[in-house]
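Here the sequence shown is numbered in the working numbering, starting from 222 and rising by one per residue.
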Amino acid sequence: MKILTTIDVNTVVTVHYTGTFPDSGEMFDTSRQGDPLTFLVGHRQMIPGFEREIMGAKTGESRSFTLEPEDAYGHPSDALVQEVPRSMFPEGMPIDLGMMLMSDAGPFRIVAITDSTIKCDFNPPMSGKILHFDVEVVGVRAADESEIAHGHVHGPGGVQHDSEKTNEDSNPSCKIDKSCCGSD
Ligand SMILES: [Zn+2]
């Protein structure tokens with residue numbers, strides 16, 4: 222007999238998932254065409270309802286659940302829609318309604334265009350949506366200390382720090398030096 226680890230805070234979980242809109246049945250995302258998704262539970266890597274609904278599951282288990290916006294990507298906020306001067310965009314750059322662009326403040330979608338201004342919507346594209354997920358747990362393991370300190374998975378399916386590949390185990394400074402992880 223083998224005792225299986227169940228999903229909890231500070232476990233590394235690998236899942237296959239398919240997300241659909243419950244109203245239409247339309248699929249918006251799936252891992253089934255590629256590698257399963259690996260993440261560290263309890264470190265805000267996933268939307269809150271997703272983690273909550275798979276708590277206690279073990280390898281081989283499947284769960285299906287539907288999340289309200291507050292448990293998924295939240296409700297859209299007017300405060301995240303900004304009208305900016307057209308001059309802020311590089312000259313000659315093609316700008317179309319509905320286009321997704323990247324900025325230092327995060328990704329945004331163009332929702333209105335006038336001669337002098339462009340309205341940018343920073344709300345997550347999935348905000349306000351009810352989402353259904355079918356999840357199959359492919360693997361669960363305890364996270365190690367450095368993963369918990371960094372707040373993400375190391376190794377297959379996770380972050381590959383060049384410096385850690387060779388000396389993570391022998392170099393304890395990696396556990397407190399978070400510079401390798403980008404901004405917090
Ligand atoms: Zn790391």
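Quick reminder that beta carbons are idealized off the backbone N, C-alpha and C, glycines included.
Practice item. Using a threshold of 7 Å, state whether the C-beta atoms of L352 and L288 are closer than that. Key: Numbered from 1 along the sequence shown, position 131 holds the residue referred to as residue 352. Numbered from 1 along the sequence shown, position 67 holds the residue referred to as residue 288. In contact: L352 and L288 (Cβ atoms closer than 7 Å).
Check your understanding: Would the C-beta of R380 count as close to ligand 1, meaning under 6 Å from any of its heavy atoms?
Key -> The count along the sequence shown starts at 1 and reaches residue 380 at position 159. The sequence given here has Val at residue 380, not Arg. The answer is yes for V380.
Review point. How is the beta strand (DSSP E) around P269 delimited, first residue to last?
Key: Locating residue 269 in the sequence shown gives position 48, counting from the first residue. Residue range 269-275 is occupied by the alpha helix (DSSP H) that includes P269, with no beta strand (DSSP E) assigned at that position.
Check your understanding: Where does M320 sit, in a helix, a strand or coil, going by DSSP?
Key -> Here residue 320 refers to the residue found at position 99 when the sequence shown is read from its first residue. Secondary structure at M320: coil, using DSSP grouped into helix, strand and coil.
**Study point:** Length-filtered (3 minimum) beta strand (DSSP E) runs lying within the segment 290-347
**Key:** The segment 290-347 contains these whole beta strand (DSSP E) runs: 302-306, 321-324, 327-334, 338-342.
Practice item. Just mark I228 as buried or exposed, buried being the case when its beta carbon has 16 or more other beta carbons within 10 Å. Key: Position 7 of the sequence shown, counted from the start, is the residue given in the question as residue 228. Per the 10 Å Cβ criterion, buried.
Check your understanding: What's the call for E312, buried or exposed, on a 16-neighbour Cβ count within 10 Å?
Key -> Here the question's residue 312 lines up with position 91 in the sequence shown. Under a 10 Å Cβ-count criterion, E312 is classified as exposed, with fewer than 16 other Cβ atoms of the shown protein chains found around its own Cβ.
Point to revise | Nearest candidate by alpha-carbon position, reference P243, set T280, V236, S285 | key: Counting from 1 along the sequence shown, the entry for residue 243 is found at position 22. Closest by alpha carbon: S285.
Practice item. Could you check what DSSP says for H237 in three-state terms: helix, strand or coil? Key: Position 16 of the sequence shown, counted from the first residue, corresponds to residue 237. Three-state result, H237: strand.
Practice item. Assign F329 to buried or exposed, taking buried as 16 or more other Cβ atoms, counted over all protein chains shown, within 10 Å of its Cβ. Key: By 1-based counting over the sequence shown, the position of residue 329 is 108. With 16 or more other Cβ atoms within 10 Å, it is buried.
Review point. Between A293 and G263, is the Cβ-Cβ spacing less than 7 Å?
Key: Here residue 293 refers to the residue found at position 72 of the sequence shown. Here residue 263 refers to the residue found at position 42 of the sequence shown. Result no, Cβ atoms of A293 and G263 do not sit closer than 7 Å.
Check your understanding: Apart from the five residues on each side of it in sequence, which residues of its chain come closer than 7 Å, Cβ to Cβ, to H296?
Key -> As a working mapping, residue 296 is identified with position 75 in the sequence shown. P290, S348, G349, listed in sequence order.
Review point. Name the DSSP beta bridge partners of V262, please?
Key: The sequence position of residue 262 within the sequence shown is 41, counting from 1. According to DSSP, V262 bridges with nothing at all.
**Study point:** A364 - DSSP class collapsed to helix/strand/coil
**Key:** Reading the sequence shown from its first residue, position 143 is the one you call residue 364. It is coil, neither helix nor strand.
Check your understanding: In whole angstroms, what is the alpha-carbon distance linking G281 and V234?
Key -> Looking up residue 281 in the sequence shown gives position 60. Looking up residue 234 in the sequence shown gives position 13. When rounded, the distance between both Cα atoms is 12 Å.
Review point. When the Cα of S195 is compared with those of V380, P306, R253, V236, which residue comes out closest?
Key: This structure leaves residue 195 out entirely; the chain is present only between 222 and 405.
Exercise for review: With a 10 Å radius around its C-beta and 16 neighbouring C-beta atoms as the bar for buried, classify I364 as buried or exposed.
Suggested key: Walking along the sequence shown from the start, residue 364 turns up at place 143. Ile is not the amino acid found at residue 364; the sequence shown has Ala there. A364 comes out buried.
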